[in-house]
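Asks: Structure below; questions to follow.
Residue numbers (this note's numbering), protein chains in the order written: chain W, 1 to 304; chain E, 1001 to 1021.
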């Protein structure tokens, strides 16, 4: 295809990305580096701050009077967990009833994460439908591509929200520290650490939102997902998006050696992370009697 | 496959109307 067509495809996917994903990398990095004016995020770094911030999780707008007293100053030079000092987490709790309420709080937080993930699946679905040719594929194949691709896409979308110390949640209004997530009871404490490890490495590639849009489309259009009925048209679509991505990276990152190859390599790592994630969710279903998995996530993870 | 993935299918089919998630 002509270079002009490939550039038009890149622009189209970037516009769809901006339309369907509420928190871009540009916005997230501004928040994380403290360049977001006075709107520093609420920081959750222990059970007490989780309790205080719980009502705002998944709110698009935190009321300013509730929000301000708990935020880190943007003047500290960005959001990190380093300034917060030692984090006791739940380890300092000895009282049985306190432990019980901490357990319930962790479970409620996990359910909030599920709701946001389900909403994320909706966003990714809308983005997928905007990929030229996607909605003309066999409907069963559209379902298969989303079933197998959506968690990979959500993990990639998480990377810009993370730094080595924590992650933005709640549309960028809350920063949750990595240490706090590690202090949760098993297996909750095991869920995010692999994503942090992946994200810190992925972020060194320094993709911007327009690169991300193309990369997400490449992931969605994977012709090797199990059970696909008509692989050829999917591979053809992916081939075009791959050409567009390669050209985009050459133009956007002229000095980054082998960026295209490095990025494609990440797709292999992603598959392992998703496999491990699904195993943890299956483990949770066994160990947490009160846990109910969101029906949309159940659909996706069943027989994955 | 569509039968086993009703919500996903619904998300794919309904372009504008929000699905109750």
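Yeah, the Cβ is synthetic: ideal placement off N, Cα and C, and Gly gets one too.
So residue 147 (chain W) and residue 304 (chain W) are in contact, right, with Cβ under 8 angstroms, and what is the actual spacing, rounded?
Replies: Correct: roughly 7 angstroms between the Cβ atoms.
Asks: Taking buried to mean at least 16 other C-beta atoms within 10 Å of its own C-beta, is residue 178 (chain W) buried or exposed?
Replies: Under this definition residue 178 (chain W) is a buried residue.
Asks: Does chain E have any CB closer than 8 angstroms to the CB of residue 273 (chain W)?
Replies: Taking Cβ atoms only, chain E never reaches closer than 8 angstroms to residue 273 (chain W), which makes this a no.
Asks: Please list the partners that residue 143 (chain W) has in chain E, where partner means a Cβ-to-Cβ separation under 9 angstroms.
Replies: By Cβ distance, chain E contributes 1001, 1002, 1004, 1005, 1008, 1009 and 1012.
Asks: Can you round the beta-carbon distance between residue 310 (chain W) and residue 288 (chain W) to whole angstroms, since I take them to be within the 8 angstroms contact cut?
Replies: Residue coverage of chain W in this structure runs from 1 to 304, which leaves residue 310 (chain W) outside it and unanswerable.
Asks: Could you tell me whether any Cβ in chain B is nearer than 8 angstroms to the Cβ of residue 140 (chain W)?
Replies: Among the protein chains of the structure shown, namely W and E, there is no chain B.
Asks: For the region 173-250 of chain W, which segments carrying the alpha helix (DSSP H) assignment without a break, of at least 4 residues, lie completely within its bounds, in sequence order?
Replies: Correct list: 178-183, 188-191, 193-203 and 209-220.
Asks: Do you know offhand how far residue 285 (chain W)'s Cα is from residue 1011 (chain E)'s?
Replies: One C-alpha to the other measures close to 25 angstroms.
Asks: Taking only three categories from DSSP, how would you classify residue 21 (chain W)?
Replies: Correct three-state label for residue 21 (chain W): coil.
Asks: Which residue marks the beginning of the beta strand (DSSP E) containing residue 168 (chain W), and which one marks its end?
Replies: From DSSP, the beta strand (DSSP E) with residue 168 (chain W) extends over 166-169.
Asks: How is residue 143 (chain W) classed by DSSP in three states: helix, strand or coil?
Replies: Here residue 143 (chain W) sits in helix by DSSP.
Asks: State yes or no: is the beta carbon of residue 300 (chain W) nearer than 8 angstroms to at least one beta carbon in chain E?
Replies: It does; some Cβ of chain E falls within 8 angstroms.
Asks: Can you tell me whether residue 43 (chain W) is helix, strand or coil according to DSSP?
Replies: In this structure, residue 43 (chain W) counts as strand in the three-state DSSP scheme.
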